[in-house]
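Residue numbers (the UniProt record's numbering), protein chains in the order written: chain A, 1 to 362; chain B, 1 to 362. Just so it is clear, CB atoms sit at the ideal spot from N, CA and C, and this is done for glycine as well. The block underneath contains the structure these notes are about, expressed in structure tokens.
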């Protein structure tokens, strides 16, 4: 690329030649994907070829190589779609999620599996687990944590009674802003947003718009749309919504937790090999006695395993038992983690490996 | 590609090398897209670079070159996304459509503009026209025709009073099927579907399931979901829904019109140059007198211009005037079409070129 301007027809000719090469390579890639099918055997469907650890590895290489001008997330998105198309040459993957279409959960499905997979909108988180267990869905995507509101209990509790395995995680980041046609906060008489967003921005609203009426609407997009037709209405929505809807952005980062991320789990029926940068989720049930938690946690420290998260829930299995959901760095095949698990197993009622899976990509 | 099996690690190595090349080429393409920006001048946003005729041309070349194994539609989709990412390096395009998210209209937006554009779900077709006119949206996507139910009048009527230009068309094809857990039609006591799908399959339902109760639900996905929990319920939905939801497909192609396509128009504020395979939409207002329609149509035949569609509406402008919406093959810059238009203008009250735009891609 030089500083001298190239004429438009010349630039287009260059782009045409690049496209020709990209297309040839994508076709070649699709052929090799079929070759993988051959290696694995005939008559299988996408679920038999899908390897989350391999996909994560490929996408991490994409990030490592990326020198711009496209941002990492955009380049990763394009490769997700290319892989999604190549994989869907066999019967596409069927992904269950909490419907309806057009929600945050569907965004997570598309971010992780691309648009060539079949989406299967379901009525509840329970149903997602059931459909995966029954084999009607190959994988499921369920929300498990919102940085503002903590763990989503219904999802955690499903692991107490189901055999689901965790095969991946997806993170969606949203910075909430207050958008309005009004030029100043003082002019705002009412705030619209999705109920969850109102919840996420509670503190900011109480501090900055005390006494102002807050009303939950069907989505933040709907809130922004309503705000455009009034000069005393504010809408809580993501950063782009202000631009998209032509509203003034009066405040940014108004969520109670600065890093407002929703984390989803990909659930399936089996464990997968290491990808090189993994996380492991364990479900540990202990009897309620002094020192129980210490006995669980100390082996991790001893074996040099980093704890990422811990959440306790009353176990459904016994009256005086507690279940701990523990996320640690590394794959269950790692020596350090195996050592820790072996030690812990001696002191707890039950230890179940929910899954070892690639850490979420940007 | 040979018939001898290559080992999995070897195949993966080949794919890695292909990915490296694809990524380099995509980055180079993104750099050239910035070069286009330079050629056109500084400080502009995506709307200033977006050229529907150029995109259509690029995608047509993709189809022409495609030798598989990926189907044309899938390869086109990947190139749409690559172009969408490259274009979104400037302020992404803002596309208004009839919301909410997750509807057929949003699918049309994504099929035409890819996922790097901003979607702007709006409350009505009128609002889409207004937002485009006001410049809040760069383009709008509105349904204009369903092959089962004909033209969508509210969309046509908007052209009578608005200055919107047509910049593109998008077609979504759906074959409706009847899916059920029941093994036989005789066992079905109730049919669920979205109201529009029930409408589209009216004749088939009357002939094959007379007296069976039909109930409209929020979407066909919801219908399929409900059908899974009963053994006497049928759901109307697309072909994939049976597979996705694990239902038996009892009948396919049950829509009254075999070619069940919804056609959308892309509306904007300007006319674009020819792409090489274009359609032109004209709005012609005539006074109600004998031979009026003949005077409109005969010049097309004389100048060898093919008519694709014609629809008449009472014009809002005058009591005894009629408006004809006419689609013809070719671009308004074509000599033949210019000749026809010149002839027609002499006999009609008004002739407005609504737009010349690339014919819809697969």
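Beta carbon of residue i nearer than 7 Å to that of residue j
i	j	result
residue 25(B)	residue 23(A)	no
residue 35(B)	residue 11(A)	yes
residue 247(A)	residue 197(A)	no
residue 325(A)	residue 143(A)	no
residue 138(A)	residue 94(A)	yes
residue 116(A)	residue 92(A)	yes
residue 235(B)	residue 251(B)	no
residue 53(B)	residue 273(B)	yes
residue 261(B)	residue 173(B)	yes
residue 80(B)	residue 119(B)	no
residue 254(B)	residue 176(B)	yes
residue 327(B)	residue 281(B)	yes
residue 58(A)	residue 72(A)	no
residue 266(A)	residue 141(A)	yes
N- and C-terminal bounds of the alpha helix (DSSP H) containing residue i
i	result
residue 45(A)	Where residue 45(A) is concerned, there is no enclosing alpha helix (DSSP H), given that its DSSP letter is neither H nor E.
residue 82(B)	72-87
residue 104(B)	104-113
residue 263(A)	Residue 263(A) -> not in any alpha helix (DSSP H); beta strand (DSSP E) instead, spanning 261-268.
residue 183(B)	That residue, residue 183(B), is in no alpha helix (DSSP H); it is neither H nor E in DSSP.
residue 200(B)	195-200
residue 156(B)	153-161
residue 225(A)	220-227
Status (buried if at least 16 other CB within 10 Å, exposed otherwise) for residue i
i	result
residue 227(A)	buried
residue 75(A)	buried
residue 150(B)	exposed
residue 65(A)	exposed
residue 346(A)	exposed
residue 215(A)	exposed
residue 2(B)	Note that residue 2(B) scores a pLDDT of 46, beneath 50, so its modelled location is shaky; the value from the coordinates is reported in the next line. Label assigned to residue 2(B): exposed.
residue 301(B)	exposed
residue 220(A)	buried
residue 354(B)	buried
Min CB distance residue i to chain A below 7 Å
i	result
residue 81(B)	yes
residue 252(B)	no
residue 202(B)	no
Chain-ordered chain A contacts of residue i [CB-CB under 8 Å]
i	result
residue 50(B)	Within chain A, no residue comes near residue 50(B); the closest Cβ sits about 14 Å away, beyond 8 Å.
residue 196(B)	Within chain A, no residue comes near residue 196(B); the closest Cβ sits about 15 Å away, beyond 8 Å.
residue 74(B)	85, 88, 116
residue 183(B)	Under the 8 Å cutoff, chain A gives no residues; its nearest Cβ is about 18 Å from residue 183(B).
Residue i: contacting residues in chain B (beta-carbon distance under 8 Å)
i	result
residue 16(A)	58, 61
residue 6(A)	35, 39
Minimum Cβ-Cβ distance from residue i to chain C less than 7 Å
i	result
residue 28(B)	Here chain C cannot be found, since the structure's protein chains are A and B.
Bounding residues of the beta strand (DSSP E) (the contiguous stretch that carries residue i)
i	result
residue 440(A)	In the structure as shown, chain A starts at 1 and stops at 362, and residue 440(A) therefore has no counterpart that could be examined.
residue 324(A)	321-329
residue 365(A)	Only positions 1 to 362 of chain A appear in the structure, and residue 365(A) is not among them; the question remains open.
residue 52(A)	From DSSP, residue 52(A) is part of no beta strand (DSSP E) but of the alpha helix (DSSP H) over 52-65.
residue 94(B)	94-98
residue 123(B)	Per DSSP, residue 123(B) belongs to no beta strand (DSSP E) and is neither H nor E.
residue 281(A)	278-287
residue 166(B)	165-173
Under 9 Å by beta carbon: chain B residues contacting residue i
i	result
residue 22(A)	21, 22, 25, 26, 29, 78, 79, 82
residue 367(A)	Absent from the structure is residue 367(A), since the part of chain A shown begins at 1 and ends at 362.
CB contact below 7 Å: residue i versus chain B
i	result
residue 143(A)	no
residue 11(A)	yes
residue 244(A)	yes
residue 69(A)	yes
residue 309(A)	no
residue 229(A)	no
residue 136(A)	yes
residue 65(A)	yes
residue 32(A)	yes
Neighbouring residues, chain A, relative to residue i (Cβ below 9 Å)
i	result
residue 355(B)	In chain order: nothing, as chain A lies at least about 23 Å away.
residue 121(B)	102, 219, 221, 222, 225
residue 109(B)	Chain A residues near residue 109(B): none, gap ~12 Å exceeds 9 Å.
residue 99(B)	102, 219, 221, 222, 225
Where residue i meets chain B, residues with beta-carbon distance less than 7 Å
i	result
residue 94(A)	244
residue 240(A)	118
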